[in-house]
Amino acid sequence: MSTVAFSRLIEAPADEVWRVFTDLPSRPRWLCPVDEVEVLPPSVPPSPAGVDAVPKFGVGTVWRESRTGPGGSRMVEEFSVAEVAPPQHLVVISSGDGVDYRTTYTFSAIKARRPDRGRTVVTVSHEGVPTARYGRLLAVLFGGLAARAGEGALRRDLDDLAAATEPGRRIGPAAAA
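In structure tokens form, the structure reads like this:
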């Protein structure tokens, strides 16, 4: 088992950081390595009129991200929301080759005099648990290296999130405010 944990201060209110982070269709616009996001059933129920409803982010939401990896390789990962308490707590799970991953995000608001000037501490805890015999062997051989690589990717993701939510660069409806 391998776990990495760290925190990142973001100069934006927690509600804004949460909104951008959980707006799955907008991820390719702000998350540099993400090329495409596909929200999968069951999180997209059909509407009564027969038109697909806008996906609601919550427990059971499943999505697939296509990313450009090192050397231009294309990686596709599938994620599922296991726990959610907006706008403070989110647990995302995914499966790799012989390893299950659990990533916990905590969004802690830091109050400011003006509500639009809030700050947020985002804490990430990423855990990999081997599920197959070869996964255990790989964890022993490469666990530290994989943990450092995973931490680096998660830190870059939070850097991208900070850039997308800081004043003057916000995405979506709050950008006009």
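Using the working numbering, you'd call the opening residue of the sequence shown number 10 and step up by one each time. All C-beta atoms, glycine included, are put in the ideal place defined by N, C-alpha and C.
Discussion item. Could you check whether Val131 and Leu7 sit closer than 8 Å to each other, using their CB atoms as the reference points?
Written reply: What the structure shows of the chain is the stretch from 10 to 186, and residue 7 is not part of that stretch, so it cannot be assessed.
Discussion item. If contact is defined by three or more beta carbon pairs under 8 Å, each pair taking one atom from either stretch, is the stretch 77 to 84 in contact with the stretch 106 to 115?
Written reply: no
Item to complete: Determine the direct distance from the alpha carbon of Leu170 to that of Arg38, and round the result to whole angstroms.
Response: 11 Å
Worksheet item: Taking C-alpha atoms, which residue in Thr129, Thr140, Val133, Arg165 lies nearest to Glu25?
Response: From the listed residues Thr129, Thr140, Val133, Arg165, the smallest Cα separation to Glu25 is found for Thr129.
Worksheet item: Are the Cβ atoms of Thr12 and His135 separated by less than 8 Å?
Response: Yes, they are a contact pair.
Worksheet item: What residues in its chain sit with their C-beta under 7 Å from that of Leu40, if we drop five residues either side in the sequence?
Response: Asp166, Asp169
Discussion item. Tell me the rounded alpha-carbon separation between Ala14 and Glu160.
Written reply: 8 Å
Worksheet item: What three-state label does DSSP hand Val29 in the structure shown?
Response: helix
Worksheet item: When DSSP labels each residue in this structure, what does Glu175 get in the three-state scheme?
Response: Glu175 sits in coil when the DSSP states are folded into three classes, being neither helix nor strand.
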